[in-house]
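**Student:** For the sequence shown, this note's numbering begins at 211 and goes up steadily by one.
Just so it is clear, CB atoms sit at the ideal spot from N, CA and C, and this is done for glycine as well.
Take this structure first; my questions come after.
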Amino acid sequence: MTLNVARREEVLETLRQHAKRITAPKRAVVEVLVTTDDHLTADEVTHLVQLVRPDVSPSTVYRILEELEDLALVVHSHTGHAAAVYHLAGRSHGHVTCEVCHVTFEVPADVFDLMARELDTTLGFELDRHHVALSGVCAQCRGLALESRSTTPN
Ligand SMILES: [Zn+2]
Ligand SMILES: [Zn+2]
Ligand SMILES: [Zn+2]
């Protein structure tokens, strides 16, 4: 809990440093983002914000997410056909998403090290591990029982 408070204050402090107004809706959006490790669509963020502030509109939430993203406080990612998902910046990871059940898994960024090096060497291409998820079929949808592998659904 105290960690969330610290993260929230960090985000609000950065907003202040950039002379951005800290409105009640903005505070509510930041609150939602610091209290979850999930990847949330703008609609999901709106829904959670509206639990405490029913007056905040989806377009307001969208604008706030864009502002936070402009300041590199939030990143978004595309996971399959669904809407983009958002979370606080600073966690280094890539995504894989299941084409069947549409669950997205976070994978450690270094999983992509070999591919990133190869793309850099052969194409001079700089891989972005986070922005767009790789697609495939998850263990559950393949009917595999993998208790030892830890994953973070969505
Ligand atoms: Zn994008
Ligand atoms: Zn699946
Ligand atoms: Zn992510």
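Quick one: is L333 buried, meaning 16 or more other Cβ sit within 10 Å of its Cβ, or exposed?
**Tutor:** Result: exposed.
**Student:** Between E279 and ligand 3, is the CB less than 7 Å from at least one heavy atom?
**Tutor:** Because no heavy atom of ligand 3 lies under 7 Å away, the Cβ of E279 does not count as near it: no.
**Student:** Given a cut-off of 8 Å on the beta-carbon distance, is the pair A343 and G290 in contact?
**Tutor:** A contact, by the Cβ cut-off of 8 Å.
**Student:** Is it true that the CB of L298 sits closer than 8 Å to the CB of V244?
**Tutor:** Taking 8 Å as the Cβ cut-off, V244 and L298 qualify as a contacting pair.
**Student:** What do you reckon, are the CB atoms on E240 and R218 nearer than 8 Å?
**Tutor:** First, the amino acid is wrong: residue 240 is Val here, not Glu. Yes.
**Student:** For a test of the three-state rule: what should DSSP assign to L225, helix, strand or coil?
**Tutor:** Three-state result, L225: helix.
**Student:** Would DSSP call S267 helix, strand or coil?
**Tutor:** S267: coil per DSSP, three-state reduction.
**Student:** Taking just the CA atoms, how far does F315 sit from H249?
**Tutor:** Whole-angstrom Cα-Cα distance: 10 Å.
**Student:** Which residues in the same chain have their Cβ closer than 6 Å to the Cβ of R301, if we skip the five residues on either side of it in sequence?
**Tutor:** Answer for R301: no residue qualifies.
**Student:** In terms of alpha-carbon separation, which member of V347, E328, H340 and V321 lies closest to T307?
**Tutor:** Checked all of V347, E328, H340 and V321; the closest Cα to T307 is V347.
**Student:** Assign T256 to buried or exposed, taking buried as 16 or more other Cβ atoms, counted over all protein chains shown, within 10 Å of its Cβ.
**Tutor:** Buried, by the Cβ-count rule.
**Student:** So, at 7 Å on beta carbons, what are the nonlocal neighbours of V242 in its own chain, with the 5 sequence-adjacent residues on each side left out?
**Tutor:** Once the five neighbours on either side are set aside, the close Cβ partners of V242 are V255, L258 and V259.
**Student:** Let me know the beta strand (DSSP E) ranges lying completely inside the region 277-347, each 3 residues or longer, listed in chain order.
**Tutor:** Taking only runs of at least 3 residues, the beta strand (DSSP E) segments lying wholly in the region 277-347 are 284-287, 295-298, 303-308, 314-318 and 344-346.
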